[in-house]
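Protein chains: 4
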Amino acid sequence: MVKTDIRVIYGDTDQMGVVYYGNYLRYFEAGRTEYLRAVGIRYRDVETQFQVFLPVVEAHVSYHKPARFDDLLSVETVLDRVGRASARFAYRLVREGMALASGHTLHACVDRAGSVTPLPAELAARLRTNSPE
Amino acid sequence: MVKTDIRVIYGDTDQMGVVYYGNYLRYFEAGRTEYLRAVGIRYRDVETQFQVFLPVVEAHVSYHKPARFDDLLSVETVLDRVGRASARFAYRLVREGMALASGHTLHACVDRAGSVTPLPAELAARLRTNSPE
Amino acid sequence: MVKTDIRVIYGDTDQMGVVYYGNYLRYFEAGRTEYLRAVGIRYRDVETQFQVFLPVVEAHVSYHKPARFDDLLSVETVLDRVGRASARFAYRLVREGMALASGHTLHACVDRAGSVTPLPAELAARLRTNSPE
Amino acid sequence: MVKTDIRVIYGDTDQMGVVYYGNYLRYFEAGRTEYLRAVGIRYRDVETQFQVFLPVVEAHVSYHKPARFDDLLSVETVLDRVGRASARFAYRLVREGMALASGHTLHACVDRAGSVTPLPAELAARLRTNSPE
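Residue numbers (my numbering), protein chains in the order written: chain A, 2 to 134; chain B, 2 to 134; chain C, 2 to 134; chain D, 2 to 134.
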């Protein structure tokens with residue numbers, strides 16, 4: 002599991018005084034990128050070196066408690082499945098030990114033309130290493 | 002079912018050249034607001050007149066094909082369930098007859114203090130009218 | 002001058018109950034794209050056909066009155082200067098005849114490598130046509 | 002001057018492969034909030050304790066070099082003017098010593114009704130303290 006800190010800015014809130022529901026997917030993305038960095042992958046390199054992309058094919062968020070302006074949040078990210086041409090991440094958004102939201106994203110591996118393609122061996126190996134603690 | 006047109010702006014895209022995955026929830030929101038308007042409810046009034054809010058407690062998106070800059074999209078919104086203190090909307094995002102994404106949002110009805118409260122009778126009645134065609 | 006209608010969504014607002022200040026630049030962008038379309042240019046084509054980009058090098062916004070959720074706004078866009086390798090647009094954001102904000106953006110013409118390059122002749126000619134009314 | 006670190010996420014970029022021009026105002030906001038925190042003010046408290054808001058009445062950005070996905074940026078924020086009912090912040094967005102953008106925001110002090118009101122004495126005093134180094 003990898004923790005990523007997020008400070009909620011004003012621009013993330015909406016007029017209900019809480020974080021806008023779509024912005025949780027931005028926080029999940031930040032968590033995902035840091036997860037990859039923790040296992041030695043810069044997402045920047047995924048696209049330039051491996052010539053593949055990992056677009057999201059499914060996203061799910063359960064909202065438990067609202068996040069608010071200036072909250073210091075932590076995104077806890079795990080990789081919960083690696084397929085031949087896919088990977089699935091799960092997330093918990095936490096404030097002072099309390100889960101505010103949870104969810105997952107499912108990613109396909111596609112080439113530059115957008116066709117599904119197997120995960121490059123080196124990339125799959127890195128993802129399959131034991132999750133960092 | 003209610004259709005809402007959306008023009009994709011540059012700011013909605015990301016460096017993959019397609020719409021960023023979190024922005025689909027913005028499009029769904031636009032569809033939801035127009036759905037409510039079509040059955041005679043301005044969401045603005047939900048908050049000021051009825052003194053309730055309808056925060057999202059669950060959101061799900063399945064991404065089928067990428068939406069791109071300058072696409073003219075249509076969000077097709079239906080209300081697929083009204084509970085005592087909840088409502089669920091389903092969405093299809095369509096470009097020239099092709100579904101690019103689909104999903105749903107589940108909403109709780111809460112009062113100003115954030116406690117779950119039954120949908121006000123008038124609001125529930127409007128939501129339960131036959132869906133506009 | 003070209004008018005572009007914008008419906009303010011919930012996701013555009015912040016906890017002050019008004020549109021977040023950064024989102025006005027999204028509205029300006031929508032106005033700019035429609036201005037170009039009105040003079041026969043699809044911005045999509047600028048990048049693919051002419052192989053140039055028009056990145057913003059300067060942006061300015063004056064905020065007069067707040068825009069709010071569900072407002073139906075109109076962006077009034079004019080092209081107020083075309084240089085050898087630049088173009089400048091000016092904007093007014095209007096609600097029911099009242100200007101809520103005004104501003105401008107200055108754009109450089111750059112090639113794929115990011116170097117400043119003269120506006121392609123055909124593009125400049127289109128921009129220099131009398132402004133559409 | 003107060004430095005605030007920002008990690009660029011994918012959702013901040015656009016299809017030109019760089020940070021979308023409107024998102025720099027999000028970065029400036031993050032810098033401004035941290036500036037206030039450094040002089041002992043939580044913006045959250047400005048609204049709840051002092052019962053005033055500091056909406057932006059003018060924003061300006063000059064874009065020098067593009068910021069890119071995964072860049073670790075630093076927003077350098079200074080308060081360059083405090084008026085009776087206004088305050089002005091200036092910003093530099095820096096990556097490894099190189100300024101990518103600069104700009105300023107001018108803020109009015111308004112009460113809950115939106116009327117301009119003098120900066121509360123305690124708030125003004127804190128702002129007028131020598132800038133933190």
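Heads up, the beta-carbon is just placed ideally off N, CA and C, and yes, glycines get one too. A quick note: this is a predicted structure, and the numbers were derived from the prediction, not measured.
Helix, strand or coil at residue i [DSSP, three-state]
{"i": "Leu124(B)", "result": "helix"}
{"i": "Tyr21(A)", "result": "coil"}
{"i": "Ala39(A)", "result": "helix"}
{"i": "Asp13(D)", "result": "helix"}
{"i": "Thr5(D)", "result": "strand"}
{"i": "Ala68(C)", "result": "coil"}
{"i": "Ala114(B)", "result": "coil"}
{"i": "Phe51(B)", "result": "coil"}
Pair within 7 Å by beta-carbon distance, residue i and residue j
{"i": "Val58(B)", "j": "Ala109(B)", "result": "yes"}
{"i": "Ile10(C)", "j": "Glu97(B)", "result": "no"}
{"i": "Gly12(A)", "j": "Gly23(C)", "result": "yes"}
{"i": "Glu77(B)", "j": "Arg89(B)", "result": "no"}
{"i": "Arg8(C)", "j": "Leu73(C)", "result": "yes"}
{"i": "Thr5(B)", "j": "Phe70(B)", "result": "no"}
{"i": "Gly104(D)", "j": "Gln16(B)", "result": "no"}
{"i": "Ala102(A)", "j": "Tyr25(A)", "result": "yes"}
{"i": "Phe51(B)", "j": "Leu124(B)", "result": "yes"}
{"i": "Val3(D)", "j": "Glu35(D)", "result": "yes"}
{"i": "Arg85(C)", "j": "Pro119(C)", "result": "yes"}
{"i": "Val47(A)", "j": "Ser75(A)", "result": "no"}
Integer Cβ distance of residue i from residue j, believed to fall under 8 Å
{"i": "His61(B)", "j": "Ala100(B)", "result": "The Cβ separation is near 15 Å, so there is no contact."}
{"i": "Val83(C)", "j": "Arg129(C)", "result": "6 Å"}
{"i": "Pro56(C)", "j": "Val111(C)", "result": "6 Å"}
Residue i burial status per 10 Å Cβ neighbour count (16 or more: buried)
{"i": "Val117(B)", "result": "exposed"}
{"i": "Gly41(C)", "result": "exposed"}
{"i": "Ala114(A)", "result": "exposed"}
{"i": "Thr49(A)", "result": "exposed"}
Neighbour flag for residue i against chain E, beta carbons, 7 Å
{"i": "Gln52(C)", "result": "Here the protein chains are A, B, C and D, and chain E is not one of them."}
Segments assigned beta strand (DSSP E), at least 3 residues, entirely inside the stretch 73–112 of chain B = 73–83, 87–96 and 99–109
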